[in-house]
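In order, the protein sequence lines correspond to chains A and B.
Take the first sequence: its letters are residues -11 to 339, numbered as in our numbering.
Take the second sequence: its letters are residues -3 to 269, numbered as in our numbering.
Written below as structure tokens is the structure these notes are about.
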Amino acid sequence: MVLDIRNLREEAAPVAEVPPSGPDLDQLLELATNARPGEQARAIGQLRLLVPSATGLERLLEIVEDPKDGRRLPAIQMLGYHRPWLASAKAMRRMVGLTHKERDPDLAAALVWTLRQCDEAAEFLVREERAVAREAALGTPISRQTLAAITAALAAGLPADIAAVLLSKFRGMHPALVRYVVDLLFELQPGDHLLRKLLAGLPQLPLFELFVEAGQTAPRVLAEAEQARIWQRMARIAAQFLQDEPSTELMCHLLSKSGEDESFARRHARFLQRTMQRTDSSLGADLIGHLERLTFRASEDKVARLAQLLVGLSEQLDGAAGHRAALLLEDWKGRSAALKLKIYHLEQGIS
Amino acid sequence: MGPDTYAVAQAEQLLSLPAPPQTEIQRELLAEFLRNPFLDDDIQGLAVRTGRRRADLLTGLEALVEAGLLQDAGRRGFMLDLEQLDPEIEYADKMLVLPEVGEEVEEAKADESALADVLPFGVALLRPEGPQIMANAAIGRLLELEVETLDAAAFIARTGCDPALICAGEVATTFPLEDSGLEVQVHPCQYAGAPAVLVVVQDQSLQREITQVHIQLQEELFAELRGEVAEPLQLIRTYLENPDVAALGTARAAFEQIEMFLQSFLLQIRSED
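This is the structure in structure tokens:
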């Protein structure tokens, strides 16, 4: 015989407390738009916490699509804060379509904000409304899909502050994309000044490899003389910029390669010399440290090659960095009589 | 209140801010968060958004978090701290005065820009490290540069004068620009608490031409004075020193020559009779 305990279970089951019903999405948006400051703050706080369901997202989109609805801005901002809709191509198309249609600059900028870090944001870089173009520049990621739109917008002449936002993103670009940007610039053929500005924003190492290491010749067959001329112009501007304002990363690469590879050092001797002469003295301490590491137990040949560069560099340095450079040269001189003579000649400008 | 003023209006209503007046960076950061209370950028995003360096923002962000205006948003992001606000407290006396982003500031900028563009000379304000703060259309025209691209590097390339050196030396300089008739003045100054250089470019070609004409006229007059006055006076002096030997006729002719010369300049004093 089995004891029937079903009644006991029912009795023991805790009574679930029904949470007090709070304001719904529509009410919160209404409060966020029109209520008194304190209520607005609370409403926005709740909207941040409220993760909308599929129905909620649909409701938000409906509000955004209704031009007469006064709650559009907080609805857009909420869509920008909670973005599960990014996974839906249909919702994405809808948002992009809405952004294209929106004429109010603040609402359009907020819509572009919802598309941040999506390739679609690049479509709005050339919008006439400054706020929209700025938000697009802030939100456009650097990718193979967006670079064409970015370079075209820069070549078309964006306001300086918006262009600066895009150029600042260039610095973090993946080296593999540099070649693609150069190809785009090759097609666009911007003026010298703009070209210099755009190239200056790119990572220097791939630029060096593309324009200087490749011997200033186009790595592909340039059948047309005009194309060859354009490529040479780009190469000249890039090389000039690299010489004028070399980054620490480029300098360290040049020093390492020069030490390791004699033919590299010989091939780029002139470039290296000029780069050393124009190195920003603020980079001096870093470079001296790099040279110390490179020449630790290094061969005499390697030290001799690097000594040529250090002598040029030490002329640019003063203060602690200059003193450290002089000490390093003295240290190298102590390694052998031949090295001492070689460095002495370099210092006297004899060789 | 139209929908376009939502953000600023909301910012004012939403967040009467319990903080003493903030620095420019804090104000700028806060303005971004107030414009969009859902913003949750990290420091890198904020640096790009405000166009400032990360290091500069760090202190401002810390101060805003400490003041309870911003809070951690996870993933190194920051967001507006809405819970700290007490709607019952009047913060009017401590209210952070936010610029009317859409209207007054833009209007003032437009006015400044319009004023700068009607100036009859070129003027630009540059940071010694390079960026342009402002430049009017005239300076672009005179220096034959694009105004938007005029920065310290472009200025050095055009004139050979380095604004950084002027700032370091704290001494103004003035120099003519080649044969273009331009005069360039570079003054070190402070703008928004940081060193800057004020560049004034004036077209002096007309003035230079007038000076040249003036010099030429003066030289011609001196040459005439030598031939028409100085030399005849010498003849008269010779006669007066030795009237017995020197010829009176020559002295009289010399006198007449001077008189004719003065007449040609209407300088002869009429005799009383």
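For every residue, glycine included, the Cβ atom is placed at its ideal position computed from N, Cα and C.
In this text, all values refer to a predicted model and were calculated from it rather than measured experimentally.
Note that the C-beta distance between A:F199 and A:A223 is below 7 angstroms.
The C-beta of B:M256 has fewer than 16 other C-beta atoms within 10 Å across all chains shown, which makes the residue exposed. When C-beta atoms of the stretch 198 to 213 of chain B are compared with those of the stretch 140 to 149 of chain B, fewer than three pairs fall below 8 angstroms, so the two segments do not count as touching.
For A:A226, there are no C-beta contacts with chain B under 7 angstroms, since the nearest C-beta of that chain is about 16 angstroms from it.
The beta-bridge partner set that DSSP reports for B:F171 consists of B:V180. In the structure shown, B:C185 adopts extended strand secondary structure according to DSSP, grouped into three states. The alpha-carbon separation between B:P116 and B:L76 amounts to approximately 47 angstroms.
At a C-beta separation below 7 angstroms, A:L126 has these neighbours in chain B: V44, R45. Under the 7 angstroms criterion on CB atoms, A:Q105 is classed as non-interfacial with respect to chain B. In the DSSP assignment, B:F74 falls within the beta strand (DSSP E) that extends over 73 to 76. Cβ-Cβ separation between A:M80 and A:L99: approximately 12 angstroms, too far for a contact (criterion under 8 angstroms). A Cβ-Cβ contact shorter than 7 angstroms links B:G73 with B:D38. Proximity of chain B to A:W101 at the Cβ level (cut-off 7 angstroms) is accounted for by N32, in chain order. In this model, B:Q208 and B:A226 are separated by some 25 angstroms (Cα to Cα).
Of all residues in the stretch 35 to 47 of chain A, only L35, R36 come within less than 9 angstroms of chain B when Cβ atoms are compared, listed by chain position. If you look at B:A190, you'll find it in the beta strand (DSSP E) that goes 190 to 199.
Here the C-alpha atom of A:W73 lies approximately 27 angstroms from the C-alpha atom of A:M161. In the DSSP annotation of this structure, the continuous segment of the beta strand (DSSP E) that includes B:M130 starts and ends at 128 to 131.
By the rule that beta-carbons nearer than 7 angstroms mark a contact, A:Q65 touches chain B.
Secondary structure at A:L275: helix, using DSSP grouped into helix, strand and coil. Bridge pairing for B:D38: B:G73 [DSSP].
Taking a 10 Å sphere around the C-beta of B:Q22, we find 16 or more other C-beta atoms and assign the residue as buried. Scanning its chain for C-beta atoms nearer than 6 angstroms, with the 5 sequence neighbours on each side dropped, one finds around A:R122 the residues I150, in chain order.
Listed along the chain, the chain A residues whose CB falls inside 7 angstroms of the CB of B:T145 are H181.
Per the coordinates, the alpha-carbon of A:I138 lies some 57 angstroms from the alpha-carbon of A:A325.
Chain B has a Cβ within less than 7 angstroms of the Cβ of A:I32. Listed along chain B are N32, each with a C-beta nearer than 8 angstroms to that of A:A98.
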